[in-house]
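In order, the protein sequences belong to chains V and F.
If you count by our numbering, then the first sequence holds residues 1 to 309, one letter each, in order.
If you count by our numbering, then the second sequence holds residues 1001 to 1309, one letter each, in order.
Number of protein chains: 2
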Amino acid sequence: MDVSPRVLRYFMAVAEELHFGRAAMRLYISQPSLSHQIRKLEETLETPLFVRSSRRVQLTAAGRTLAHEAPIALAALEQALQLTRRAGSGIATTIRLGYTPVTSFGTLTVLLDALQEDHPDFTIDPREFYSAEIPERLCAGDLDIGLALSPQPLDGVNGEILREEPVSALLSTRHRLAAAPTIPVKDLRDETLQLFPRRLAPAYYDGIVAACHEAGFSPEICAFEDPRVNAMLARLSSRREVGLAPTSFAEHAAKASTGIVRRDVVDPSIVAELSVLWPANDPSPAIASVLATARRCAEHNGWLRSPIT
Amino acid sequence: MDVSPRVLRYFMAVAEELHFGRAAMRLYISQPSLSHQIRKLEETLETPLFVRSSRRVQLTAAGRTLAHEAPIALAALEQALQLTRRAGSGIATTIRLGYTPVTSFGTLTVLLDALQEDHPDFTIDPREFYSAEIPERLCAGDLDIGLALSPQPLDGVNGEILREEPVSALLSTRHRLAAAPTIPVKDLRDETLQLFPRRLAPAYYDGIVAACHEAGFSPEICAFEDPRVNAMLARLSSRREVGLAPTSFAEHAAKASTGIVRRDVVDPSIVAELSVLWPANDPSPAIASVLATARRCAEHNGWLRSPIT
DNA sequence: CCGGGCGATAGGATTCGTCTATGGATGTCA
DNA sequence: TGACATCCATAGACGAATCCTATCGCCCGG
């Protein structure tokens, strides 16, 4: 019922040599073993594959068919094992990289470039998610590695800070605070702030609230449930609200939409922490490689130098 | 070093169930056996395929790769075995049919039509050869079945007469014998006859010579070594020779070239025997099927009714 | 704290693959 | 024509691989 690849190789040897003795020699087994295996194969397939006279060995029609098909099947099998071995050893594998919109500009793009350089054999499969989904999907095995903004810690997921950057303000060009080149935190006292919901990035959220308290006020916060970039920008330009976001993202957002400008937030500047996350239970060498590249990337770009306060 | 398809099926069961116990049940083996086989597979591939906690079983990156590739490899293997089984059982196989130019019109075409009707799943691969090559190639396994005109018998090749038909004369319209509707053998006394070399079809050649002797003369024979149809016809129209060929072939030749006509040879008419040949040592059911169709074809078309003398 | 679920381990029985030795058939050469 | 060589098939023994049952250890939930 079942034919092992070994037997197919035996068959191919006989089909090529048309001689049991020589084929057996080539396979480093005895001639009786080979005869036996071929006979068993013929019984399994319910058809003779060779016509044997003691003087000549010939392929039957069925034998010719198998001689044509067997190498194809063997190649498919070899490829399956080879690809698996590669994935296991971390060569030429596919990495499912989860990211959030806020990490996509300035961080994701730089990381992708670095990966392309370090591991041109990797296939990177970037997928966008809401922040909270990334740890969950890493845990469920739907992702191999993730980028997120200070996410909720989760069992089974490792994480480390990849980038620290100041928070910037995004606001309409017609906003009164847009006039100054920088915005001190205390100026935010009477503003409504646009932020992600706290559960998505607690540390980030708390850092901003803490900075406001330090400046002597409790901020009024409008958390938008649907953290899509366009929705955020649309609300900023039409309302008199102030958006807060990590600088790399804010720069891109300001560039992308007319009527919106970015301003540094100072006194004090607030640090956003962007983390790289990976599953704790699958020590894949490919993931380790990506991590190494991410760290190199962070060092090379000074992502971890504490920003000037 | 070698992974049997059975182990791949074991792996697929675990990859689908993500549960060793249930997978083992599905495979009708015990759970320890399954665990053992999977562990051996992991050792062979030098990479873990699953992350096992006693509470949860997950695929690693390598495991996901294999889960994707294994069904492909298994399908390729299954296809190889399936095609071989079919070739062995005579279903949907390819038949290499050797024929000679003289059999190609009137006999080959009719047989191909009949095969198409009886076995639409067969692929027929017709190949043209000189007569002498056909038994040789059958013997060598390069052909599955052959059509030839009274060929030299050969060890390892079976044959039976498929068609008996009178020999016709082919001659230029300007030839003096072209005037009469039939040509008695005795009128050939002073002609040069075009024939194939004797070794290609001894019985056919001898039959013609015998008929001439019976009519009281020894024929003058010009055997053309290169028995290509066009060469034969070209010589007929330009010279005052008489070609002799089986009627079905002669009819086609006369129709195909202006300036050449066919005339029945009578008193007596000479019978040409067209045989079907097959290897004696490979009792392939596909060959048997083709033979059966050929016989049906012969009966249906009256190919074996002895022609009127 | 304890019971149930689940994968890993241990040890013995069976099947499978390979070996050496030998038989039998078929060409070859003196 | 008869002795010999070649080559595939068969027989029986040995070793490895596979499968089984029984049991352990771990972890979660009650």
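C-beta: ideal position from N, C-alpha, C; glycine also.
- Look at Glu191/V here: in three-state DSSP terms it is coil, with no helix or strand label.
- In the pairwise beta carbon analysis, the region 271 to 281 of chain V is classified as touching the region 146 to 154 of chain V: at least three pairs are separated by under 8 angstroms.
- The C-beta separation of Gly1243/F from Leu1170/F comes to about 4 angstroms, placing the pair in contact by the 8 angstroms criterion.
- Using a Cβ-Cβ cut-off of 8 angstroms, Asn1281/F is close to Val51, Ser53 and Gln58 of chain V, given in chain order.
- Pro1135/F has a beta carbon lying at 8 angstroms or more from every beta carbon in chain V.
- Two segments are said to touch when three or more pairs of C-beta atoms, one from each, lie closer than 8 angstroms; by this definition the region 1182 to 1189 of chain F does not touch the region 1158 to 1167 of chain F.
- Only residues of its own chain outside the window of five on either side were considered, and among them Val1167, Gly1207, Ile1208 and Ala1211 have a CB closer than 6 angstroms to the CB of Ile1270/F, listed in chain order.
- In the three-state DSSP reduction, Asp142/V falls in the coil class, being neither helix nor strand.
- Lys1186/F and Gly1216/F do touch by the CB rule: their CB atoms are close to 7 angstroms apart, below 8 angstroms.
- Rounded to the nearest whole angstrom, the CA to CA distance from Arg1006/F to Tyr28/V is 24 angstroms.
- Separation of the CB atoms of Val102/V and Phe249/V is rounded to 5 angstroms, and the pair is thereby assigned contact status at 8 angstroms.
- The DSSP-derived three-state label of Asn230/V is helix.
- Secondary structure note for Thr1123/F: its beta strand (DSSP E) is the uninterrupted segment Thr1123 to Glu1128.
- Classified as exposed, His300/V has fewer than 16 neighbouring CB atoms from the shown chains inside 10 Å of its CB.
- The three-state reading of DSSP puts Ile134/V in helix, counting H, G and I together.
- Rounded to the nearest whole angstrom, the CA to CA distance from Ala1023/F to Arg1039/F is 15 angstroms.
- Listed along the chain, the chain V residues whose CB falls inside 7 angstroms of the CB of Asp1144/F are Ala61.
- About 6 angstroms separates the beta carbons of Pro126/V and Tyr99/V, which is inside the 8 angstroms limit, making them a contact pair.
- Residue pairing for Val1051/F: DSSP places it in a beta bridge opposite Gln1058/F.
- A direct Cα-to-Cα measurement between Thr1123/F and Thr47/V gives close to 20 angstroms.
- Bridge partners of Asp1264/F according to DSSP: Ser1168/F and Thr1182/F.
- In this structure the region 1046 to 1060 of chain F touches the region 281 to 290 of chain V; the number of beta carbon pairs closer than 8 angstroms is three or more.
- Counting only Cβ-Cβ distances below 7 angstroms, Ser89/V has contacts in chain F at Thr1047, in chain order.
- Membership of Ser289/V in the alpha helix (DSSP H) is indicated by the continuous run Pro285 to His300.
- Contact note: Asp1002/F reaches chain V through Ser4, Pro5 and Arg6, using a C-beta cutoff of 8 angstroms and chain order.
- For the alpha helix (DSSP H) assignment, the uninterrupted runs of no fewer than 4 residues enclosed by the region 1066 to 1127 of chain F are, from N- to C-terminal side, 1109 to 1118.
- For Val157/V, the pairing in a beta bridge is given by DSSP as Pro279/V.
- With at least 16 other beta carbons inside 10 angstroms of its own, Met1232/F counts as buried.
- Each of Ala1223/F, Glu1191/F and Asp1190/F was checked against the Cα of Pro1202/F, and the nearest Cα belongs to Ala1223/F.
- Close CB contacts of Pro279/V within its chain, under the 6 angstroms cut and outside five residues either way in sequence, are with Leu138 (chain order).
- Short of 6 angstroms from the beta carbon of Thr192/V, and not among the five residues preceding or following it, lie these beta carbons of its own chain, in chain order: Glu220, Cys222 and Glu241.
- Taking the Cα of His1175/F as reference, the smallest distance to any Cα among Arg1235/F, Ser1131/F and Ser1289/F is reached at Arg1235/F.
- Under the DSSP assignment, Ile29/V falls outside any alpha helix (DSSP H); it carries neither an H nor an E label.
- DSSP, reduced to helix, strand and coil, places Leu18/V outside both helices and strands of the structure shown, so it counts as coil.
- One Cα belongs to Leu1083/F, the other to Thr1093/F, and the distance between them is close to 8 angstroms.
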